[in-house]
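In the UniProt record's numbering, the protein residues as written are 1 to 691.
For each residue, glycine too, the CB sits at the ideal point set by N, CA and C.
All of these numbers come straight from a predicted model, not from anything done at the bench.
Working notes for the structure below.
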């Protein structure tokens with residue numbers, strides 16, 4: 001027999017560079033020429049294969065939300081031909097040193113050095129890290145963790161019941177603003193993965209490995225890719241963790257909406273459980289460091305869900321919105337181009353524009369609501385609106401007159417309003433802002449032109465009750481009008497500064513906002529939550545309007561002439577309805593995340609109404625009695641305390657250094673504003689405890 005050819009191993013530098021080695025000892029010729037004698041080392045047993053022990057997980061299989069059980073009977077997930085059976089080392093593409101650098105702008109060091117000539121020695125091969133040997137990013141411990149989560153889902157959630165709940169929710173016109181088109185696909189996939197839940201269990205380990213494998217793969221995209229091709233990459237036999245995230249996000253959102261019509265306890269538990277499962281699915285997908293459009297959409301939907309379940313003041317909600325914005329920057333969605341359609345399919349281009357527009361308007365609204373700086377600034381971005389093909393100019397944006405008022409139209413309008421709100425927020429940091437300031441007039445003209453450019457059936461010019469549209473469309477139209485009025489409200493706040501009650505135009509706008517909010521409360525059964533909930537509308541628009549109205553009522557009677565455009569009796573009626581809805585548990589319950597904010601405001605407003613109507617006046621701190629009481633209870637709703645009484649309290653407030661905002665952001669109407677308002681000398685003594 002011919003002698004077996006002896007194999008020689010390459011030294012470490014040649015092996016890493018994937019180049020030929022002459023195997024010379026002690027140093028090969030290539031390492032001598034490169035002055036790498038110290039690195040030229042040969043392995044002792046280069047061709048001996050060793051078996052690695054499976055990696056032990058030091059953490060539980062799943063961060064247990066609820067106890068899970070292991071079903072006794074098992075069903076092979078691969079037996080039905082839905083996915084290939086993958087080995088432990090075949091669950092991710094080839095790793096490299098910088099797996100996900102994301103969008104790199106013109107000032108990044110990578111971009112700068114990338115423009116320099118390539119001076120690398122071709123003998124050494126590619127040194128960008130692609131040949132660096134590293135551990136597989138998907139470890140058996142992660143597969144075990146995913147299997148534990150799948151077992152938990154089997155034990156705690158009825159997939160079929162969730163599917164029925166989501167379908168009932170979407171039948172009312174509601175949906176996820178971005179992932180809505182994917183829901184039918186996700187429902188079909190989950191039904192296929194859990195066909196006989198409670199009778200025959202899936203092979204959780206094989207399913208987990210398949211999910212990790214497909215989640216770690218990039219989403220293939222070309223200009224000819226269709227929506228069907230796109231959905232095929234995260235459904236059925238190619239299911240990903242993002243699919244699980246979309247499904248449980250929709251289930252939780254549906255439970256929030258449907259809980260108002262069915263048994264509350266079961267649906268409330270599903271709200272929290274669905275959110276936790278959505279969180280876990282998102283965390284697993286993000287942990288693989290392969291950020292893509294699917295994960296960004298899931299991040300946004302997950303943030304909206306947290307704002308519903310945790311509340312708009314929650315740090316968890318605030319942080320998750322920041323995560324959405326970080327991913328937008330990492331993917332480069334803030335630098336949109338008119339030429340993107342040459343390389344991207346139309347549906348994906350539209351999805352990206354919708355995502356950025358939603359995040360941009362949400363950033364402005366949440367920043368205003370919480371009194372915090374915004375995190376997206378348009379001067380660093382290029383914004384192209386959905387259903388548009390050029391960079392946005394708000395006051396020149398045209399609308400097709402036959403456009404339906406749907407989620408896309410609502411998102412377009414929200415982004416346009418966000419642009420003007422960003423301009424107004426900059427005014428709050430400037431001094432000398434008045435009606436004659438050119439920026440004030442410019443913003444006002446743009447807001448007016450922007451509103452007039454809307455199709456007539458988008459504009460709410462009369463009572464909400466007279467709007468004969470489907471519930472979801474009524475909510476869109478209500479959003480549009482409130483957004484428009486809020487721009488004018490903020491603009492007047494920037495002009496009036498710390499004395500908003502003295503600005504007649506601001507008071508008139510606040511009264512109109514308050515009337516709309518009360519109408520929405522009275523007709524809530526004929527509205528369907530779209531991008532925002534009714535509670536958010538009350539907290540964001542309603543409380544700011546009620547705050548200005550309350551300040552105005554404290555000072556209104558000191559004027560000899562009533563406000564020409566504000567009906568005081570109607571204002572009293574609107575405030576009374578607002579307080580009643582908040583305090584009787586009709587709008588919110590005690591475990592609602594926004595309960596404290598709304599109750600603090602309702603107590604202060606209720607105390608104000610009680611003192612104004614019934615004439616219960618607290619003596620000043622000096623001990624001197626204040627003369628002046630109401631004469632007839634039936635006419636009190638149209639009158640205020642006497643001018644002399646109010647002037648006394650104005651003096652006391654000025655001498656005590658009282659300020660409605662106490663140095664806080666002037667457009668912030670959160671709990672601190674209402675607690676501070678309760679300390680006004682006119683309300684001091686009883687505070688918010690009189691009711």
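Classification of residue 121 by the beta-carbon crowding that lies within 10 angstroms, buried from 16 upward: One-based indexing of the chain shown puts residue 121 at position 121. Confidence at residue 121 is low in this model, with a pLDDT of 46, below 50, so the placement of that residue should be treated as unreliable; the coordinate-derived value is given next. Counting C-beta atoms within 10 angstroms of its own C-beta, residue 121 has fewer than 16 neighbours from the protein chains shown and is therefore classed as exposed.
Beta-carbon proximity list for residue 277, same chain, < 6 Å, skipping 5 on both sides: On the chain shown, residue 277 is found 277 positions in, with the first residue counted as 1. Around residue 277: 248.
8 Å contact criterion, which residue 36 and residue 19 should meet: CB distance rounded: Locating residue 36 in the chain shown gives position 36, counting from the first residue. Locating residue 19 in the chain shown gives position 19, counting from the first residue. Not quite, the Cβ-Cβ distance comes to about 12 Å (not below 8 Å), so this is no contact.
Rounded separation between residue 32 and residue 140 - CA only: Taking the chain shown and counting its residues from 1, the one referred to as residue 32 is at position 32. Taking the chain shown and counting its residues from 1, the one referred to as residue 140 is at position 140. Roughly 42 Å between the two C-alpha positions.
Test item: CB-CB of residue 420 and residue 443 under 7 Å: Start at 1 with the first residue of the chain shown, and residue 420 comes out as number 420. Start at 1 with the first residue of the chain shown, and residue 443 comes out as number 443. Yes. Within cutoff.
For residue 595 and residue 535, the rounded distance between their alpha carbons: For the purposes of this step, residue 535 is taken as the residue at position 535 of the chain shown. For the purposes of this step, residue 595 is taken as the residue at position 595 of the chain shown. When rounded, the separation of the alpha-carbon atoms in residue 535 and residue 595 is 10 Å.
Residue from 271, 313, 323, 272 whose Cα sits closest to the Cα of residue 295: On the chain shown, residue 295 is found 295 positions in, with the first residue counted as 1. Checking every option, the nearest Cα to that of residue 295 belongs to 323.
Short Cβ contact (7 Å threshold) for residue 506 with residue 500: Position 506 of the chain shown, counting from 1, holds the residue named residue 506. Position 500 of the chain shown, counting from 1, holds the residue named residue 500. Contact check for residue 506 against residue 500 passes: the beta carbons are separated by less than 7 Å.
Rounded C-alpha distance that separates residue 187 from residue 171: Position 187 of the chain shown, counted from the first residue, corresponds to residue 187. Position 171 of the chain shown, counted from the first residue, corresponds to residue 171. Rounded to the nearest whole angstrom, the CA to CA distance from residue 187 to residue 171 is 14 Å.
Proximal residues to residue 364 (C-beta, below 7 Å), its chain only, five neighbours per side dropped: To locate residue 364, count along the chain shown from 1; it is residue 364. Excluding residues up to 5 positions away in sequence, 374, 418, 421, 422 lie with their Cβ nearer than 7 Å to the Cβ of residue 364 in the same chain.
Coil, strand or helix - residue 151 by DSSP: The residue you call residue 151 lines up with position 151 of the chain shown. Residue 151: helix per DSSP, three-state reduction.
Any 3 or more C-beta pairs closer than 8 Å across the segment 563-580 and the segment 593-609: Contact between the segment 563-580 and the segment 593-609 is present, because at least three Cβ pairs lie under 8 Å.
Close beta carbons around residue 309, own chain, < 8 Å, minus the five adjacent residues each side: For the purposes of this step, residue 309 is taken as residue 309 along the chain shown, with counting starting at 1. 252, 256, 271, 272, 275, 593.
Cα-Cα separation between residue 147 and residue 467, rounded to whole angstroms: Residue numbering aside, residue 147 sits at position 147 when the chain shown is read from its first letter. Residue numbering aside, residue 467 sits at position 467 when the chain shown is read from its first letter. Answer to the nearest angstrom: the Cα atoms are 51 Å apart.
Endpoints, alpha helix (DSSP H) assigned at residue 36: For the purposes of this step, residue 36 is taken as residue 36 along the chain shown, with counting starting at 1. Run containing residue 36: none; DSSP gives neither H nor E here.
Extent of the continuous alpha helix (DSSP H) run through residue 365: The count along the chain shown starts at 1 and reaches residue 365 at position 365. Where residue 365 is concerned, the enclosing alpha helix (DSSP H) stretches over 346-370.
Nearest to residue 532 (by Cα), restricted to the options 564, 199, 155, 477: Residue numbering aside, residue 532 sits at position 532 when the chain shown is read from its first letter. Looking at the Cα atoms, 477 is the closest of the given residues.
Coil, strand or helix - residue 9 by DSSP: Residue numbering aside, residue 9 sits at position 9 when the chain shown is read from its first letter. Three-state DSSP puts residue 9 in coil, outside helix and strand.
Enclosing alpha helix (DSSP H) for residue 240 [first to last residue]: As a working note, residue 240 is residue 240 in the chain shown. In the DSSP annotation of this structure, residue 240 is not part of any alpha helix (DSSP H), being labelled neither H nor E.
Contact belief for residue 566 with residue 511 at Cβ below 8 Å, rounded distance in angstroms: By one-based count along the chain shown, residue 566 stands at place 566. By one-based count along the chain shown, residue 511 stands at place 511. About 5 Å separates the two Cβ atoms, so the contact holds.
Which of helix, strand or coil DSSP assigns to residue 504: Along the chain shown, read from residue 1 onward, the residue named residue 504 stands at position 504. It is helical.
Three-state secondary structure assigned by DSSP to residue 203: Position 203 of the chain shown, counting from 1, holds the residue named residue 203. For residue 203, the secondary structure class from DSSP, reduced to helix, strand or coil, is coil.
Beta-carbon spacing of residue 216, residue 290 below 7 Å: Counting from 1 along the chain shown, the entry for residue 216 is found at position 216. Counting from 1 along the chain shown, the entry for residue 290 is found at position 290. In this structure, residue 216 lies near residue 290, with their beta-carbon atoms less than 7 Å apart.
For residue 335, three-class secondary structure by DSSP: As a first step, residue 335 must be located in the chain shown, where it is residue number 335. In the structure shown, residue 335 sits in a strand (DSSP, three-state: E or B).
Cβ distance (whole Å) where residue 451 is taken to contact residue 401 below 8 Å: One-based indexing of the chain shown puts residue 451 at position 451. One-based indexing of the chain shown puts residue 401 at position 401. Wrong, their Cβ atoms sit about 15 Å apart, outside the cutoff.
Cβ of residue 595 within 7 Å of any chain C Cβ: The chain labelled as chain C is not found in the depicted structure, where only one protein chain is given.
Simplified DSSP assignment, three categories, for residue 605: In the chain shown, the residue the question calls residue 605 occupies position 605. Of the three classes helix, strand and coil, the one that applies to residue 605 here is helix, per DSSP.
Selected residue, minimal CA-CA separation from residue 588, among 411, 202, 264: Counting from 1 along the chain shown, the entry for residue 588 is found at position 588. For residue 588, the closest alpha carbon among the candidates 411, 202, 264 is that of 264.
Exposed unless 16 or more other CB atoms sit within 10 angstroms - verdict on residue 292: On the chain shown, residue 292 is found 292 positions in, with the first residue counted as 1. With 16 or more Cβ atoms within 10 Å of its Cβ, residue 292 is classed as buried.
Length-filtered (3 minimum) beta strand (DSSP E) runs lying within the segment 425-458: Here no run is fully enclosed.
Residues near residue 472 by beta carbon distance below 7 Å, same chain, minus five either side: Against the chain shown, residue 472 aligns to sequence position 472. Non-local C-beta neighbours of residue 472 in its own chain, meaning closer than 7 Å and more than five positions away in sequence, comprise 173, 174, 528, 530, ordered along the chain.
Three-way DSSP call (helix, strand, coil) for residue 467 in this model: Counting from 1 along the chain shown, the entry for residue 467 is found at position 467. In the structure shown, the three-state DSSP call for residue 467 is coil.
Boundaries (first-last residue) of the alpha helix (DSSP H) holding residue 230: Indexing the chain shown from 1 puts residue 230 at position 230. That run of the alpha helix (DSSP H) goes 227-232.
Run of the alpha helix (DSSP H) containing residue 537, from where it starts to where it stops: Here residue 537 refers to the residue found at position 537 when the chain shown is read from its first residue. First-last of the alpha helix (DSSP H) with residue 537: 534-537.
Same chain, Cβ closer than 7 Å to residue 243, five either side skipped, listed in chain order: Along the chain shown, read from residue 1 onward, the residue named residue 243 stands at position 243. Excluding residues up to 5 positions away in sequence, 186, 189, 234, 235 lie with their Cβ nearer than 7 Å to the Cβ of residue 243 in the same chain.
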